[in-house]
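Counted from 1, the first sequence has number 7 at position 6 by our numbering; the numbering is strictly sequential.
Notes follow once the structure below has been shown.
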Amino acid sequence: MNFRQRVYALVRLIPSGRVLAYGDVATALGSPRAARQVGYALAALGDDTVPWHRVVRKSGHIAHGGEPGRAPLQRVLLEAEGVVFDAGHVDMARHRWQPEAGDVAGV
DNA sequence: GGTTTGACCATAA
DNA sequence: CTTATGGCCAAAC
Numbered sequence: 002m003n004f005r006q007r008v009y010a011l012v013r014l015i016p017s018g019r020v021l022a023y024g025d026v027a028t029a030l031g032s033p034r035a036a037r038q039v040g041y042a043l044a045a046l047g048d049d050t051v052p053w054h055r056v057v058r059k060s061g062h063i064a065h066g067g068e069p070g071r072a073p074l075q076r077v078l079l080e081a082e083g084v085v086f087d088a089g090h091v092d093m094a095r096h097r098w099q100p101e102a103g104d105v106a107g108v
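Quick look at the structure:
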């Protein structure tokens with residue numbers, strides 16, 4: 002399976018109110034240094050069947066996409082799920098989700 | 001095949 | 001706090 006498809010599959014498993022860093026997704030897929038590919042995969046994402054807004058930077062800050070208006074939208078979607086924003090960034094220590102072994106195996 | 005690119009990350013100043 | 005630099009891996013050309 003392509004790397005991008007694996008990214009989509011894993012992101013779909015993120016529960017509501019939880020977030021993951023690009024690097025965390027890459028690590029869960031077995032390539033800890035492929036954080037850029039995760040963002041690349043989400044950028045090429047056409048369908049909205051994937052909760053892409055639950056993926057942020059490791060700092061908890063929202064990534065600067067080339068598409069204008071995407072960042073504010075992402076924040077709104079996260080806050081709607083109960084994610085707490087502190088000084089413009091997500092509290093990662095509080096909302097970071099850790100994928101379980103069974104979840105990644107199913108992909 | 002080589003080269004470019006990018007919703008990243010870590011480090012340093 | 002900001003800016004700069006290098007590395008990284010997969011996809012696209």
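Backbone N, C-alpha and C fix where the C-beta goes; we use that ideal spot for every residue, glycine too.
Owing to the predicted nature of the structure, the values given are computational and were not obtained by experimental measurement.
If we ignore side chains and look at the alpha-carbon of each, how far apart do residue i and residue j end up?
i: Ala139; j: Val105; result: Given a span of 2 to 108 for the chain in the structure shown, any question on residue 139 remains unanswerable.
i: Ala44; j: Gly24; result: 15 Å
i: Gly40; j: His65; result: 10 Å
i: Leu11; j: Gly18; result: 16 Å
i: Val51; j: Gly89; result: 24 Å
Residue i bridges to which residues according to DSSP?
i: Phe86; result: Val91
i: Val57; result: Ala22
i: Arg97; result: Val20
So, at 8 Å on beta carbons, what are the nonlocal neighbours of residue i in its own chain, with the 5 sequence-adjacent residues on each side left out?
i: Ala42; result: Phe4, Arg5, Val8, Tyr9
i: Val85; result: Val91, Asp92, Arg95, His96
Is the CB-CB distance between residue i and residue j below 8 Å?
i: Val56; j: Leu30; result: no
i: Pro100; j: Leu46; result: no
i: Leu78; j: His96; result: no
Smallest Cα separation from residue i: which of the options?
i: Met93; options: Ala45, His62, Gly40; result: His62
i: Gln38; options: Asp49, Val26, Ala72; result: Val26
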